[in-house]
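Here's the structure we're looking at; comments come further down.
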Amino acid sequence: MRQIYPAAGPDLELVTAVLGGPQPAAVTELARLYRQDAVSQDRPWLRANMVGSVDGASALSGRSGGLSGPADRMVFAVLRSITDVILVGSATAQVERYKPVLPAEVWPDLRAGRPATPAIAVVSGRLDLDPNAPLLASAPPDARTIVLTTSSAPAASRAALATAAEVVEAGQDHVDPAAAVAALAERGYRQILTEGGPTLLGQLAAAGLVDELCLTVSPVLAGGTAGRIVGHAGEVAGPAALRLAHVLADESYLLCRYLRGD
Ligand SMILES: NC(=O)c1ccc[n+]([C@@H]2O[C@H](COP(=O)([O-])OP(=O)(O)OC[C@H]3O[C@@H](n4cnc5c(N)ncnc54)[C@H](OP(=O)(O)O)[C@@H]3O)[C@@H](O)[C@H]2O)c1
103 MRQIYPAAGP DLELVTAVLG GPQPAAVTEL ARLYRQDAVS QDRPWLRANM VGSVDGASAL
163 SGRSGGLSGP ADRMVFAVLR SITDVILVGS ATAQVERYKP VLPAEVWPDL RAGRPATPAI
223 AVVSGRLDLD PNAPLLASAP PDARTIVLTT SSAPAASRAA LATAAEVVEA GQDHVDPAAA
283 VAALAERGYR QILTEGGPTL LGQLAAAGLV DELCLTVSPV LAGGTAGRIV GHAGEVAGPA
343 ALRLAHVLAD ESYLLCRYLR GD
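In my numbering, the protein residues as written are 103 to 364.
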């Protein structure tokens, strides 16, 4: 993998197994690249990490894994390593079988001063989540899973989930994206990584909350009916301008980092 924009960079050796231990130079360099300008004064920094096919599909056969590759997986791990909390919609958590992040899946040196792993925050209105599932039941005490929901969510489900996770109200009939981000900020989370899905990302984007988009362009023409990485989410705020911060290339994959354009 090497940087091709804004300037040609040295080869960054791919590290496919993320097993902790001494941090390879490529990981240090990737963390430096992705941390550049990733601060905001009055609210947390919200970064989205997504993968899409060349023709814009966000999934193959209903999951994103088929679009990924070694370089994408490495950036995925680095972005998780530099984040405080991972924000996902409940469909992604279920389809992609989310579990608490393990210490061996992130780089310990990048987590200095923070819990060993980032917490996961799941957005759900229906609360059709299993409190005994590993995502909720196996999270460590310093990175408990958070369920962001509404005041109108089913009371019995809320009570059941509250035995395993922190259940937080962030809206009345639907989770308000700004209230969800504010609730995470109140808990001290300054670096938020959303891993989608498109429904959630569409709402975050429409609310003007996305500071950074990390997009892997997978060398595939997917065709079919898969949706885009940003789903239609009710109110459309209009196109949001982005500024290209860098492009890395690995074989035929492109790893693009965009920052808010204004
Ligand atoms: N290409 C990529 O990088 C990428 C990344 C992630 C996912 N994906 C793919 O995207 C698909 C899943 O994404 P998706 O767009 O269908 O769903 P999603 O955004 O992951 O989750 C949608 C669900 O989240 C909850 N939710 C979202 N916004 C809410 C709000 N404002 N208030 C209350 N609840 C809210 C609802 O759950 P409840 O029904 O529980 O209320 C809703 O059904 C999968 O195919 C996955 O593989 C691709």
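For glycine and all other residues, C-beta sits at the position ideal for the given N, C-alpha and C.
From a predicted model like this one, the values you see are computed outputs, not experimental measurements.
Within a Cβ cutoff of 7 Å, which residues of the same chain sit near residue i, ignoring the five residues on either side of it in sequence?
i, result
"residue 115", "126, 128"
"residue 165", "197, 198"
"residue 324", "155, 157, 159, 162"
"residue 259", "229"
"residue 275", "252, 254"
"residue 139", "361"
Throw me the rounded Cβ distance for the residue i and residue j pair, which I believe falls under 8 Å.
i, j, result
"residue 185", "residue 204", "In fact, because the Cβ distance is near 15 Å, the residues do not count as touching under 8 Å."
"residue 268", "residue 251", "Contact doesn't hold; Cβ gap of about 11 Å is too wide."
"residue 133", "residue 263", "The pair is not a contact, with the Cβ atoms about 33 Å apart (cut-off 8 Å)."
"residue 107", "residue 319", "Residue 107 to residue 319, Cβ: 13 Å. No contact."
Skipping 5 residues on each side, what residues in its chain have a beta carbon closer than 6 Å to that of residue i?
i, result
"residue 111", "104, 105"
"residue 329", "160, 300"
"residue 315", "150, 360"
"residue 191", "225, 299, 301, 302"
"residue 322", "155"
"residue 352", "103, 173"
Which residues in the same chain as residue i place their Cβ atom closer than 8 Å to its Cβ, once the five residues preceding and following it in sequence are excluded?
i, result
"residue 201", "236, 237, 240"
Do residue i and residue j have their C-beta atoms within less than 8 Å of each other?
i, j, result
"residue 169", "residue 136", "no"
"residue 326", "residue 303", "no"
"residue 317", "residue 152", "yes"
"residue 294", "residue 124", "no"
"residue 245", "residue 217", "yes"
"residue 406", "residue 309", "Here the chain covers residues 103 to 364 and nothing more, so residue 406 does not appear."
"residue 208", "residue 179", "yes"
"residue 277", "residue 148", "no"
"residue 364", "residue 347", "no"
"residue 355", "residue 187", "no"
"residue 221", "residue 247", "yes"
"residue 243", "residue 266", "no"
Relative to ligand 3, is the shortest distance from any of its heavy atoms to the C-beta of residue i smaller than 7 Å?
i, result
"residue 194", "This structure lacks ligand 3; the ligands present are ligand 1."
Please list the segments of the alpha helix (DSSP H) lying wholly inside the stretch 139–219, counting only runs of 4 or more residues, in order along the chain.
Counting only runs of at least 4 residues, the stretch 139–219 fully encloses the following alpha helix (DSSP H) elements, listed from N- to C-terminal order: 172–183, 192–197.
Which runs of the beta strand (DSSP E), 3 residues or longer, sit entirely within the stretch 256–338?
Scanning the stretch 256–338 from its first residue to its last, the whole beta strand (DSSP E) runs of 3-plus residues come out as 268–271, 293–296, 314–320.
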